[in-house]
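Read the structure below first, then the notes.
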Amino acid sequence: MNLELRGKRALVTAASRGLGKASALALAEEGASVAVAGRDQARLEALVDELRAAGASDAVAVVVDLARPETFAEAVETAVSRFGGLDIFIGNTGGPASGPFLDIPRAEWERALGETLLPMVDLCHLVIPHLKKSDCGRILFITTVGVKIVQPHMVLSDSLRLAIVGLAKSLSLELADDGITVNCLCPGPFKTDRMEDLIKASMEREKIDRAAAEAIWLEEVPLGTFGDPADFGAMVALLCSPRGRFTTGTAISLDGGKSRAY
2 MNLELRGKRA LVTAASRGLG KASALALAEE GASVAVAGRD QARLEALVDE LRAAGASDAV
62 AVVVDLARPE TFAEAVETAV SRFGGLDIFI GNTGGPASGP FLDIPRAEWE RALGETLLPM
122 VDLCHLVIPH LKKSDCGRIL FITTVGVKIV QPHMVLSDSL RLAIVGLAKS LSLELADDGI
182 TVNCLCPGPF KTDRMEDLIK ASMEREKIDR AAAEAIWLEE VPLGTFGDPA DFGAMVALLC
242 SPRGRFTTGT AISLDGGKSR AY
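Per the numbering used here, the sequence shown runs over residues 2 to 263.
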C-alpha cells in the first residue's frame, strides 16, 4: 500500500532502538525523510545506514539528550535545515524506573518528569511552528498500555504518560484549525530492549526464572505473545500518512488485546 509519505519530513526522538527505531524504519520504507534523535551517536549512525537502505536517502542523525533541554533546539533546526521543513514529529522517550510506589523516592519522580513529560512539552514548542507550515502535520506520542490499564510496579510510567495523553488531547483541539493531528500510541509488551529490562527486573524482584517472568507480562494478553516492533511501526506510518487525516485526539492501544479498553 502506498501511504503517500514520500517527501514527508519526520523527526523521531529516542530512535536508536526499540519502538522509536521501528517507527523511523517504517517511515523510511514509505519514502519519508527521517531525522533520528538520541544520545548514542554510534547507534544513530548505524540506524541512518539502515534508513538509507530502506529508502530514506537523506536520513540524518541528531544528538539529543532528553534530560538536557539545551540540546533540543539545535536538533530540530538541523532536521528542518536538512529537509526544508517538518511534517511529522514522533515523540518517544526512554522508560522511567520500575518498582513499587513506596520504593521510588522523590528524586526518581523528578528525574522521570524531566526525561519523560517535560521533553515532550519543550519539543512541541519547537516543532509546532514548523508543522503549522505543513499540509500534513502530524504529532504522535509513544506512551504505554499503562495509560489504559494499570501496570504493576510501573507507577512512574503509568502516571507521567497519562500526562502525555492529556497533553496530546489538548493539542489536538488547539491545532485542529492548522490541520495538525495529534495522537498517542499505547504499546503493550513488544520485543524490545525495554521489555528485556522489565523481564529481568521481574526475575530479580520476584526471585523467579525467565519463563515465569515472561508469563507475568503476558498473563493478560489474549494473543499470548510479545509484539513485533515492525507491526508497531506500520501503525505509526499509517497514522502519519494522509490516510490518517481524520484521526486525532485519541490514544490507540497496540497491546495484543491486553487493555480491553474502549
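From the three backbone atoms N, C-alpha and C, an ideal C-beta is built for every residue, glycine too.
| Item | Value |
| --- | --- |
| Look at the alpha carbon of F247 and the alpha carbon of D179, and state the distance between them as a whole number of angstroms. | 13 Å |
| Is the distance from the Cβ of G39 to the Cβ of T14 below 9 Å? | yes |
| Alpha carbons only, please: which of L174, L114, L219 and P101 is nearest the one belonging to R162? | L114 |
| Decide if Q42 is buried, meaning its Cβ has at least 16 other Cβ atoms within 10 Å, or exposed. | exposed |
| Suppose you measure from the CA of S99 to the CA of S171; what does that come to, to the nearest Å? | 28 Å |
| In angstroms, rounded to a whole number, what distance separates the CA positions of W218 and K134? | 42 Å |
| Would you say the segment 239 to 255 touches the segment 42 to 51, given that touching needs at least three Cβ pairs under 8 Å? | no |
| Since G19 contacts P230 with CB under 8 Å, what's their CB separation in whole angstroms? | 7 Å |
| Name the one or two DSSP bridge partners that A202 has. | None, per the DSSP bridge assignment. |
| Just to confirm my understanding: we take A23, look at its own chain, exclude 5 residues before and 5 after, and list those with CB closer than 7 Å. What are they? | P230, A231, F233 and G234 |
| Taking only runs that begin and end inside the segment 47 to 131, name each unbroken beta strand (DSSP E) of 3 or more residues, in chain order. | 61 to 64 and 89 to 92 |
| Can you tell me whether V237 is helix, strand or coil according to DSSP? | helix |
| Does the distance from the CB of L168 to the CB of V237 come in under 9 Å? | no |
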